[in-house]
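Student: In order, the protein sequence lines correspond to chains A and B.
So for the first sequence, our numbering puts the first residue at -18; every next one is plus one.
So for the second sequence, our numbering puts the first residue at 146; every next one is plus one.
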Amino acid sequence: TQLLEQSPQFLSIQEGENLTVYCNSSSVFSSLQWYRQEPGEGPVLLVTVVTGGEVKKLKRLTFQFGDARKDSSLHITAAQPGDTGLYLCAGAPNTDKLIFGTGTRLQVFP
Amino acid sequence: NAGVTQTPKFQVLKTGQSMTLQCAQDMNHEYMSWYRQDPGMGLRLIHYSVGAGITDQGEVPNGYNVSRSTTEDFPLRLLSAAPSQTSVYFCASSPVVQRVQYFGAGTRLSVL
């Protein structure tokens, strides 16, 4: 059973389009992290959301943590080819284990 | 600025062989973990450690052993490799589990 489900699994869009990636769970998390991974490399942290209802912006990326702290979303405005990669959410359902989501692979075409 | 160093970068094994994947960090992080990533998928937790001398199982621990004798090193051992263990393995470290995880570059393992 996957604790963190991401949708969609794949996303292929044209440059300039907007998109939203979802990360859902039945468990409550004290915080959720979002990472981006490029081919041949390890994941790199984008942001951590901590408070239920919190919204964080990172240039064209907007991250939201659900009020109940069971879900999160990542919205990208005016996607660019440089946004291409695997997007992963991650959270610790208890104090010791950090679990990653199933991943969303984004391809942005020029 | 070494960060998290994984060796080797690539490895090919035959079924039944054993090997150790090395992971070292120079940031004095207490929390270290091992993940495997299969093609097109997210990361699955194999084993983790909250400090020297303490290890515990993750989501997919079968077929893997770990030890944590020092803060810096967290090796992953495959005792008898199987084709199902063909994957990319990532080691990560962090001050605590809820903080940012720093990943190594990965070890690409093929078991024939």
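From the three backbone atoms N, C-alpha and C, an ideal C-beta is built for every residue, glycine too.
Checking the sheet assignment: what are the DSSP bridge partners for ASP52 (chain A)?
Tutor: DSSP, once it has assigned bridges, lists A:ASN5 as partnering ASP52 (chain A).
Student: Between B:TYR209, B:THR200, B:ARG244 and B:MET164, which has its C-alpha nearest ARG181 (chain B)'s C-alpha?
Tutor: Looking at the Cα atoms, B:TYR209 is the closest of the given residues.
Student: On the criterion of 16 or more Cβ atoms from any shown chain inside 10 Å, does GLY72 (chain A) qualify as buried, or is it exposed?
Tutor: Burial call: buried.
Student: Helix, strand or coil, according to DSSP, for GLY148 (chain B) in the structure here?
Tutor: Reduced to three states, the DSSP call for GLY148 (chain B) is coil.
Student: Roughly how many angstroms separate the alpha carbons of GLN88 (chain A) and GLY21 (chain A), rounded to a whole number?
Tutor: So the two alpha carbons sit approximately 16 Å from each other.
Student: Below 9 Å on C-beta distance, what does ASP201 (chain B) contact in chain A?
Tutor: Near ASP201 (chain B) (Cβ distances below 9 Å), the residues of chain A are ASP77 and LYS78.
Student: VAL89 (chain A) bridges to which residues according to DSSP?
Tutor: VAL89 (chain A) pairs with A:ILE(-6).
Student: Hey, out of A:SER54, A:LYS40 and A:PHE44, whose CA is closest to GLN61 (chain A)'s CA?
Tutor: That would be A:LYS40, whose Cα lies nearest to the Cα of GLN61 (chain A).
Student: Within its chain, find whatever has a CB closer than 6 Å to the CB of PHE155 (chain B); leave out the 5 residues flanking it on each side and keep chain order.
Tutor: Around PHE155 (chain B): ARG253.
Student: What residues of chain A sit near MET186 (chain B), judged by a beta carbon separation below 8 Å?
Tutor: Near MET186 (chain B) (Cβ distances below 8 Å), the residues of chain A are THR83 and GLY84.
Student: Can you name, in chain order, every residue of its own chain whose Cβ lies under 6 Å from the Cβ of VAL2 (chain A), other than the five neighbours on each side?
Tutor: Same-chain partners within the cutoff: LEU55, TYR68 and THR85.
Student: Mapping the DSSP letters down to three states, classify ASP201 (chain B) as helix, strand or coil.
Tutor: Strand.
Student: Would you identify the three-state DSSP class for GLN162 (chain B), choosing helix, strand or coil?
Tutor: Three-state DSSP puts GLN162 (chain B) in coil, outside helix and strand.
Student: Given this structure, state the Cα-to-Cα distance separating ARG244 (chain B) from LEU42 (chain A), to the nearest angstrom.
Tutor: Answer to the nearest angstrom: the Cα atoms are 20 Å apart.
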